[in-house]
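With the working numbering applied, the sequence shown corresponds to residues 1 to 84, in that order.
Glycine residues also receive a C-beta, built at the ideal position from the N, C-alpha and C atoms.
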Amino acid sequence: MTIAAHPVRVLRAIARPDGAWWTVELAELTSPSPLGGEPIIALGQVERDGDVAAAALDIAAVWLDVDESTLEVRVEFGRPLTGD
């Protein structure tokens, strides 16, 4: 029997090209809007697609106020954002 030192929470991140940058979204991490509107979604940006996974992990750890070692982020690359 194996017992993990820390349970790992698995999160999904979607990265989309946004001009010269990549926008990273963790849709399951939200906070209520202070004005009662749409929820605030955890987002970030990076310059290179190779930095997406590390940024997503950092965003999730800060948002949840936990150590990165307790998280796993699975990144999916999506379609570019549009100006609509």
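Ends of the beta strand (DSSP E) at residue i?
i, result
"V66", "Unbroken run through V66: none, as it is neither H nor E."
"E47", "Taken as a continuous stretch (DSSP letters only), E47 belongs to no beta strand (DSSP E), as it is neither H nor E."
"D51", "Unbroken run through D51: none, as it is neither H nor E."
"V24", "21–31"
"R79", "Careful: R79 lies outside any beta strand (DSSP E) and carries neither H nor E."
Under 8 Å Cβ to Cβ from residue i, same chain only, skipping five residues before and after it: list those, please.
i, result
"P80", "R16, P17, D18"
"T2", "Because T2 sits at a pLDDT of 48, beneath the cut-off of 50, its placement in the model cannot be relied upon, and the following sentence gives the value as read from the coordinates. If we look at T2 and ignore the five residues flanking it on each side, it has no Cβ neighbours."
"S33", "P39, I40"
Compute the beta-carbon to beta-carbon distance between residue i and residue j, rounded to the nearest angstrom, for a pair I have assumed lies under 8 Å.
i, j, result
"L11", "E28", "6 Å"
"I40", "T30", "6 Å"
"W63", "V46", "So it is not a contact: roughly 16 Å between Cβ atoms."
"L35", "L57", "Actually they are not in contact, since the Cβ atoms of L35 and L57 sit about 30 Å apart, beyond 8 Å."
Given residue i, which residues of its chain have a CB within under 7 Å of its CB, disregarding the five upstream and five downstream residues?
i, result
"I59", "V24, L26, A42, G44"
"T82", "none"
"R48", "none"
Please list, in chain order, all residues of the same chain as residue i whose beta carbon is under 6 Å from its beta carbon, the five residues on each side excluded.
i, result
"G78", "I14, R16"
Pick from the options: whose alpha carbon is nearest that of residue i?
i, options, result
"D51", "D67, R9, V73", "V73"
"V75", "A61, A55, D67", "A55"
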